[in-house]
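Visitor: Once you've had a glance at the structure underneath, I'll fire off some questions.
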Amino acid sequence: MTAVAHCTCDTNPACVLERYPAAGPDQLIPILQDVQESFGYLSRESIVAVAKHLHMPLSRVHGVATFYNQFRYDPPGKHHVQVCRGTACHVRGSAPLLEAVKQELEVEAGRTTADGEFSVEVVACVGACGLAPVIVVDGQVHAAVAATALKKLLKSYRVPAQASTQGKA
Ligand code: FES
2 MTAVAHCTCD TNPACVLERY PAAGPDQLIP ILQDVQESFG YLSRESIVAV
52 AKHLHMPLSR VHGVATFYNQ FRYDPPGKHH VQVCRGTACH VRGSAPLLEA
102 VKQELEVEAG RTTADGEFSV EVVACVGACG LAPVIVVDGQ VHAAVAATAL
152 KKLLKSYRVP AQASTQGKA
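Be aware that the sequence shown starts at 2, since it is given in this note's numbering, and climbs by one per residue.
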């Protein structure tokens with residue numbers, strides 16, 4: 002996995018767009034990927050700026066972005082959950098696993114929970130097919146995750162925050 006090179010200019014995508022001075026609509030996906038890599042997600046402001054830069058209707062840029070589940074529209078959560086939907090994971094039950102993640106966290110893929118604790122992303126093969134179905138949380142691969150074990154797994158990521166809160170009481 003490549004390291005995220007976060008931009009230092011808040012969420013203003015101008016510094017990304019200036020890397021594509023003569024870009025046309027065929028560069029839409031790479032530019033959206035670059036913006037997301039720089040800021041961690043696609044803000045509404047950045048989608049508007051990309052549309053303006055490429056002289057494309059906002060509705061078309063938004064439509065393309067939302068078609069692909071690689072894009073996120075909220076700032077990343079404290080813990081980032083990636084659910085692999087590659088072929089091996091699909092065969093071994095990643096679809097119900099993804100539903101269980103969404104249900105447990107009460108959030109759709111590509112979004113962040115209201116408390117900012119978890120963001121959820123659907124990814125293609127993460128290169129651990131022999132361990133399918135796989136979930137990656139904060140870069141840590143969890144192998145052969147059963148939907149029934151999910152609650153406990155996610156709770157283990159909440160514990161430090163709860164412990165620190167209790168310590169303050
Ligand atoms: S398909 Fe999930 S790790 Fe390869």
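Yeah, the Cβ is synthetic: ideal placement off N, Cα and C, and Gly gets one too.
Which residue wins for smallest C-alpha separation from residue 91, given the options 45, 23, 133 and 18?
Guide: Looking up residue 91 in the sequence shown gives position 90. Among 45, 23, 133 and 18, the Cα nearest to that of residue 91 belongs to 133.
Visitor: Say yes only if the C-beta of residue 87 is nearer than 6 angstroms to one or more non-hydrogen atoms of the ligand FES, and no if none qualify.
Guide: The sequence position of residue 87 within the sequence shown is 86, counting from 1. Yes, since a heavy atom of the ligand FES falls inside the 6 angstroms radius drawn around the Cβ of residue 87.
Visitor: Can you have a look at residue 35 and say buried or exposed, based on whether 16 or more other CB atoms are within 10 angstroms of its CB?
Guide: As a first step, residue 35 is located in the sequence shown; it is residue number 34 there, counting from the start. Under this definition residue 35 is a buried residue.
Visitor: Could you tell me whether the region 142-159 touches the region 110-117, using the rule of 3 or more Cβ pairs below 8 angstroms?
Guide: Because the criterion of three Cβ pairs below 8 angstroms is not met, the region 142-159 and the region 110-117 do not touch.
Visitor: Please identify the residue among 157, 46 and 93 whose C-alpha is closest to the C-alpha of residue 144.
Guide: Counting from one through the sequence shown, the residue named residue 144 turns up at place 143. Of 157, 46 and 93, the residue nearest in Cα terms is 93.
Visitor: Count the other C-beta atoms from every protein chain shown that fall within 10 angstroms of the C-beta of residue 61, then say buried if there are 16 or more, exposed otherwise.
Guide: On the sequence shown, residue 61 is found 60 positions in, with the first residue counted as 1. Label assigned to residue 61: exposed.
Visitor: Quick check: what's the CA-CA separation for residue 135 versus residue 39?
Guide: Taking the sequence shown and counting its residues from 1, one reaches residue 135 at position 134. Taking the sequence shown and counting its residues from 1, one reaches residue 39 at position 38. Distance between the alpha carbons of residue 135 and residue 39 is about 26 angstroms.
Visitor: For chain D, check one thing: does any of its Cβ atoms lie closer than 7 angstroms to the Cβ of residue 73?
Guide: The structure shown contains no chain D; it is built from a single protein chain.
Visitor: Could you tell me whether any non-hydrogen atom of the ligand FES is closer than 6 angstroms to the CB of residue 96?
Guide: Here residue 96 is taken as the residue at index 95 of the sequence shown, counted from 1. For the ligand FES, not one heavy atom lies less than 6 angstroms from the Cβ of residue 96.
Visitor: By the three-class DSSP mapping on this structure, what secondary structure does residue 46 have?
Guide: The residue given as residue 46 occupies position 45 in the sequence shown. Correct three-state label for residue 46: helix.
Visitor: Does the distance between the C-beta of residue 24 and the nearest non-hydrogen atom of the ligand FES fall short of 6 angstroms?
Guide: Here residue 24 refers to the residue found at position 23 of the sequence shown. It does not: the Cβ of residue 24 is nowhere closer than 6 angstroms to a heavy atom of the ligand FES.
Visitor: Assign residue 73 to one of two classes, buried (16 or more other C-beta atoms within 10 Å of its C-beta) or exposed (fewer than that).
Guide: The residue you call residue 73 lines up with position 72 of the sequence shown. It is buried - the Cβ of residue 73 has at least 16 other Cβ atoms within 10 Å.
Visitor: Nearest-angstrom Cα distance between residue 1 and residue 118?
Guide: Lying before the first or after the last residue shown, residue 1 is absent from the chain, which here runs from 2 to 170.
Visitor: For residue 118, which of helix, strand or coil comes out of DSSP?
Guide: Translated into the one-based positions of the sequence shown, residue 118 becomes position 117. Residue 118 falls in the coil class under three-state DSSP.
Visitor: According to DSSP, which residues form a beta bridge with residue 141?
Guide: Counting from one through the sequence shown, the residue named residue 141 turns up at place 140. 138.
Visitor: Looking at the ligand FES, does it come within less than 6 angstroms of residue 115, judged from the CB to the closest heavy atom?
Guide: Position 114 of the sequence shown holds residue 115. It does not: the Cβ of residue 115 is nowhere closer than 6 angstroms to a heavy atom of the ligand FES.
Visitor: Assign residue 33 to buried or exposed, taking buried as 16 or more other Cβ atoms, counted over all protein chains shown, within 10 Å of its Cβ.
Guide: In the sequence shown, the residue the question calls residue 33 occupies position 32. The residue in question, residue 33, is buried, as its Cβ has 16 or more Cβ neighbours within 10 Å.
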